[in-house]
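Peer 1:
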Amino acid sequence: MLRIVRWTAGIVVVDGVILLLLARLLPGFDLNGIASAAGMALGGIAVGALLWPAMCRAAAWLPALLFPVLALVVSGAIVVVTAVLLDLVAPGAVTVANVWTALVVAILLTIVNTVVIALFGLGDQRLYDRYVTNRIRRSAGVHERTDIPGIVFIQLDGLAEPILLRAIAEGYMPTAQRWITTGSHQLRGWETDLSSQTAASQAGILLGSNEGIPAFRWWDKTANTLVVCDKLSSARALESQLSTSQGLLVGGASRWNVFSGDAADTFGTFSKLGQGVTGGRRSYLGFLSNPYSLARTFSLFGAEIVRERVEALRQRVTNVRPRIHRGFRYALVRAGTTVLLQESAAYMLTDDMYRGVPVIYSTLFSYDKVAHYAGAERRDALKVLRGVDRVLAHLERVAADASRPYRIVVLSDHGHSHGAPFRQRFGKTLAELVDELCDSQRGVSEVDSGDEVLSGINSALDEVIHQQGIATRLARRALRTRIIDGHVVLGSEHRETDDAAIQAMHERDAIVVATGNLGLVSFPRLSGRITLEQINETYPRLVPGLAGHEGICCVMARSATDGAVVVGPRGSRFLDSGRVDGEDPLASFGPNAARHLARVDGFASAPDILVMGMYDSSTGEVAAFEEQVGSHGGLGGAQSQPFLLHSASLPLEPDYPIVGAAALHAVLKSWVPADARGVAAAPDSAEQPAAP
């Protein structure tokens, strides 16, 4: 109680000082002395305590992302009501000329209060539990206790096992270190498919299959269109194609993922934007309506922007190499992923656990976003893991207090490999190289990564436009020029996804698509997948030129007589027969490289030519075809080495091989509790999956 009194007194003092300054500087706002300022500050706290709960209940019809707009209006109303009440008690004590003046006062007070909380409350877990965790527990209500353990899957996007071990050793993740040291959790690695990126991995992990996904984006010759996994229509089509209705999350909840895992309760799940039901939207609205969590988020958001600008400046001043441009827009979206998405995920997971949801899966994107720009092994990226570790510690405390026991499983979908991008090394892009080697008459279309940093914003806006209500219709109208195929597209992606851009690609000699150090080359004017012999006849310099380039390890194409062939600078490997002529181009990629490539070769969506960028096995470095320092998507280095950190009570043999996301799905599915699987089972009856 004394703590609350001290906290309130501090807010009153700070707000009082700001109000006195505003009275001097802001036209239309006036106070009659220090007593009036203190009365206005204290009255604002009291009026807010009365108005905020009523406003939150009335706001249930709003799309969650638009809640801050109403919050601003109510903040202005609090200033007006407080001024009226104070004037009744002490006539002439305060003057507020109009609503706009009240809004300015409300905004400035909110900013000041945010800074105060940032300075004095961000590191206080007791304060967070008092104002966030305890409120969530009370709002969740009483749920029947069960001894059947639930399970929470936390995906740390892009964190490789070697980088995790380094982060633990250097003290960035004390919670994970304690779990491993005490034996409560066991750590092991697994190996991704080709390609090593979120869409392919999550499809396999959540739905049990990623067949037909050769990269993050590719040219589909059957449909004559570009498939992009963060394009709404593509994600929905892939989910529909791969789902068996028996995914990992049947009976559970999906939060901030690409695919749903067949969960009915989804939020921030790309393939189901606007289609989720039950707890997700209510929980997100609760996050936005909690004054403490909102102020905390704004504080962290601002601090993260400053941190990013300082780190980017440090790289330039010290001439760190390799490096790429880190603009202010990236700083905003980095703050969005490391703060807004992460804070909301922690809030929603807490709510799900107190409601007793049997199986939950959520992605934390923060490390991946920073690793792309700063570098996977650099301190800028490792420091982000401190915040991730705090989320894990918080969820551990919630698990001990929930209505059912929970096992926490932490995993990653892929890793990152470090290195200067292809263009920085060789002065040209892969598309420009292909254009030269083809002696192209019609040109080559290059599909780059687009504005990847805007994908989180696009997803959030998608959640708005796929809800119902007046505010949603207004949002759709405002964004109508940026809605393509039902998907909000901001940034340069717009060029690659509209009908005119797709039609223009049809006329090109070749289309080059990049995912990390994986390149896909397709010839849209030649129907069907063309053979190596046809390529050599039509573009005789292309395959030898690509395979012999110092920035490329090898290329794969399908021979009419020999099947899939991997061609390197000094030899070839025939995947169907296993024959090697000269030096094996896959020798440095590990024992499963041929298996991964042969699998992709069997996809109907396989490109005419698959290009594997440079990989130095002595350093682990790659040369990405995208402008990224930390990259993933192909083979080579830590990008194919994600991890699985699981409760020791979950059965898994130490030497059980996990190669591919579908194999990992089988393991995780065997751990899902009985009430999610819809079968009768004892509390600890999970079975070890059969070895592949």
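Positions 265 to 956 (this note's numbering) are the ones given, in order, by the sequence shown.
Idealized CB from N, CA, C, for every residue including glycine.
According to the Cβ coordinates, are SER904 and GLY780 closer than 8 Å?
Peer 2: Here residue 904 corresponds to residue number 640 of the sequence shown, with the count starting at 1. Here residue 780 corresponds to residue number 516 of the sequence shown, with the count starting at 1. No, these two residues do not count as a Cβ contact at 8 Å.
Peer 1: For CYS493, does the three-state DSSP call read helix, strand or coil?
Peer 2: On the sequence shown, residue 493 is found 229 positions in, with the first residue counted as 1. Three-state result, CYS493: coil.
Peer 1: Buried or exposed: ASN362, going by 16 or more other Cβ atoms within 10 Å of its Cβ?
Peer 2: Position 98 of the sequence shown, counted from the start, is the residue given in the question as residue 362. So ASN362 ends up on the exposed side.
Peer 1: Quick one: Cα of ILE444 to Cα of GLY472, how far?
Peer 2: The residue you call residue 444 lines up with position 180 of the sequence shown. The residue you call residue 472 lines up with position 208 of the sequence shown. Cα to Cα, the separation comes out at about 28 Å.
Peer 1: Would you grab the beta carbon distance between GLY639 and ILE427 for me? Rounded to a whole angstrom, and I think it's under 8 Å.
Peer 2: Numbered from its first residue, the sequence shown carries residue 639 at position 375. Numbered from its first residue, the sequence shown carries residue 427 at position 163. The beta-carbon distance between GLY639 and ILE427, rounded to whole angstroms, is 11 Å. This is too long to meet the 8 Å contact definition.
Peer 1: Quick one: Cα of TRP483 to Cα of ALA774, how far?
Peer 2: Translated into the one-based positions of the sequence shown, residue 483 becomes position 219. Translated into the one-based positions of the sequence shown, residue 774 becomes position 510. If I take the Cα positions, the gap works out to 10 Å.
Peer 1: Span of the beta strand (DSSP E) holding LEU558?
Peer 2: For the purposes of this step, residue 558 is taken as the residue at position 294 of the sequence shown. Note, LEU558: premise wrong, no beta strand (DSSP E); alpha helix (DSSP H) at 555-581.
Peer 1: Answer yes if the region 474-488 comes into contact with the region 877-887, meaning at least three C-beta pairs across the two stretches below 8 Å, and no otherwise.
Peer 2: At 8 Å Cβ cutoff, the stretches do not touch.
Peer 1: Alpha carbon to alpha carbon, how far is ASP457 from ARG661?
Peer 2: In the sequence shown, counting from the first residue as 1, residue 457 sits at position 193. In the sequence shown, counting from the first residue as 1, residue 661 sits at position 397. So the alpha carbons of these two residues sit roughly 34 Å apart.
Peer 1: Classify HIS896 as helix, strand or coil using the three-state DSSP reduction.
Peer 2: If you number the sequence shown from 1, residue 896 lands on position 632. Three-state result, HIS896: coil.
Peer 1: Going by DSSP, which residues form a beta bridge with ALA774?
Peer 2: By 1-based counting over the sequence shown, the position of residue 774 is 510. Note: ALA774 sits in a beta bridge opposite VAL708.
Peer 1: Considering only residues of the same chain and omitting the five flanking positions on each side of GLY827, which have a CB-CB separation below 6 Å?
Peer 2: By 1-based counting over the sequence shown, the position of residue 827 is 563. Cβ neighbours of GLY827 beyond the five flanking positions: ASP840.
Peer 1: Let me know if ARG843 comes out buried or exposed under the rule of 16 or more other beta-carbons within 10 Å of its beta-carbon.
Peer 2: Within the sequence shown, the letter at position 579 stands for residue 843. Per the 10 Å Cβ criterion, exposed.
Peer 1: Would VAL886 and GLY683 be called neighbours here (beta carbons separated by less than 8 Å)?
Peer 2: For the purposes of this step, residue 886 is taken as residue 622 along the sequence shown, with counting starting at 1. For the purposes of this step, residue 683 is taken as residue 419 along the sequence shown, with counting starting at 1. Result yes, Cβ atoms of VAL886 and GLY683 sit closer than 8 Å.
Peer 1: Helix, strand or coil, according to DSSP, for MET462 in the structure here?
Peer 2: Looking up residue 462 in the sequence shown gives position 198. One point to set straight first is that residue 462 is Thr, not Met, in the sequence displayed. The answer is helix: DSSP assigns THR462 an H, G or I state.
Peer 1: Could you name the residues of the same chain whose beta carbon sits closer than 8 Å to that of VAL829, not counting the 5 residues immediately before and after it, in chain order?
Peer 2: In the sequence shown, the residue the question calls residue 829 occupies position 565. Same-chain partners within the cutoff: LEU796, MET820, ALA821, ARG822, SER823, SER836, ARG837, PHE838, LEU839.
Peer 1: Just to confirm the assignment, what range does the alpha helix (DSSP H) spanning HIS929 have?
Peer 2: On the sequence shown, position 665 is the one that residue 929 refers to. It spans 925-935 - the alpha helix (DSSP H) in which HIS929 sits, taken as one unbroken run.
Peer 1: Just grab the DSSP bridge partners of ALA528 for me.
Peer 2: Within the sequence shown, numbered from 1, the residue matching residue 528 stands at position 264. In DSSP, ALA528 forms no bridge with anything.
Peer 1: Based on the DSSP output, what are the partners of TYR670 in its beta bridges?
Peer 2: Residue 670 sits at position 406 when you count from the first residue of the sequence shown. In the DSSP output, where bridge partners are listed per residue, TYR670 has GLY414.
Peer 1: Can you find the residues in the same chain that come closer than 6 Å, C-beta to C-beta, to GLY783, ignoring five residues on each side of it along the sequence?
Peer 2: Position 519 of the sequence shown, counted from the first residue, corresponds to residue 783. So the list reads LEU694, VAL875, PHE889, once near-sequence residues are dropped.
Peer 1: Could you say which of ARG805, ASP677, PRO355 lies nearest to TRP454 if we only look at CA atoms?
Peer 2: Residue mapping note: residue 454 aligns to position 190 of the sequence shown, counting from 1. The shortest C-alpha separation from TRP454 is found at ASP677.
Peer 1: Should ALA310 be flagged as near chain D, meaning a C-beta pair shorter than 8 Å?
Peer 2: Here there is only one protein chain, and chain D is not present.
Peer 1: Can you tell me whether PRO921 is buried or exposed? The criterion is at least 16 other CB atoms within 10 Å of its CB, across all chains shown.
Peer 2: The count along the sequence shown starts at 1 and reaches residue 921 at position 657. Exposed, since its Cβ has fewer than 16 Cβ neighbours within 10 Å.
Peer 1: Checking 8 Å against the spacing of the C-beta atoms, do PHE531 and VAL522 come in under that value?
Peer 2: Your numbering for residue 531 matches position 267 in the sequence shown. Your numbering for residue 522 matches position 258 in the sequence shown. In this structure, PHE531 lies away from VAL522, with their beta-carbon atoms at least 8 Å apart.
Peer 1: For the structure I just gave you, are there three or more beta carbon pairs, one from the region 405-422 and one from the region 628-647, closer than 8 Å?
Peer 2: yes
Peer 1: Do you know whose CA, among ALA370, LEU352, PRO291, TRP364, lies nearest ALA305's CA?
Peer 2: Residue numbering aside, residue 305 sits at position 41 when the sequence shown is read from its first letter. Measuring from the Cα of ALA305, the nearest candidate turns out to be ALA370.
Peer 1: ALA599 and GLU568 look like a contact to me (Cβ under 8 Å); what is the Cβ gap, rounded to whole Å?
Peer 2: Locating residue 599 in the sequence shown gives position 335, counting from the first residue. Locating residue 568 in the sequence shown gives position 304, counting from the first residue. Right, their Cβ atoms sit about 4 Å apart.
Peer 1: Taking the beta carbon of ARG793 as the centre, do at least 16 other beta carbons fall within 10 Å, making it buried, or is it exposed?
Peer 2: Translated into positions along the sequence shown, residue 793 becomes position 529. Buried, by the Cβ-count rule.
Peer 1: So what's THR533 in DSSP terms, helix, strand or just coil?
Peer 2: Position 269 of the sequence shown, counted from the first residue, corresponds to residue 533. Residue state, collapsed to three classes: coil.
Peer 1: Can you tell me whether VAL807 is buried or exposed, with buried defined as 16 or more other CB within 10 angstroms of its CB?
Peer 2: Indexing the sequence shown from 1 puts residue 807 at position 543. Answer is buried; the Cβ neighbour count reaches 16.
Peer 1: Put THR365 into one of helix, strand or coil per three-state DSSP.
Peer 2: Sequence index remark: in the sequence shown, residue 365 carries index 101 (1-based). In the structure shown, THR365 sits in a helix (DSSP, three-state: H, G or I).
Peer 1: With distances taken between CB atoms, is the gap from ILE412 to ASP865 smaller than 8 Å?
Peer 2: Looking up residue 412 in the sequence shown gives position 148. Looking up residue 865 in the sequence shown gives position 601. One thing to note: ILE412 has its Cβ no nearer than 8 Å to the Cβ of ASP865.
Peer 1: Flag this pair as yes or no: are the beta carbons of GLY468 and LEU908 separated by less than 8 Å?
Peer 2: Along the sequence shown, read from residue 1 onward, the residue named residue 468 stands at position 204. Along the sequence shown, read from residue 1 onward, the residue named residue 908 stands at position 644. No, they are not a contact pair.
Peer 1: Determine the burial state of GLY447: buried for a count of at least 16 other Cβ atoms within 10 Å of its Cβ, exposed for fewer.
Peer 2: Counting from 1 along the sequence shown, the entry for residue 447 is found at position 183. Exposed is the call here.
Peer 1: So for GLN798, helix, strand or coil by DSSP?
Peer 2: What you label residue 798 is simply residue 534 of the sequence shown in a count that begins at 1. Here GLN798 sits in helix by DSSP.
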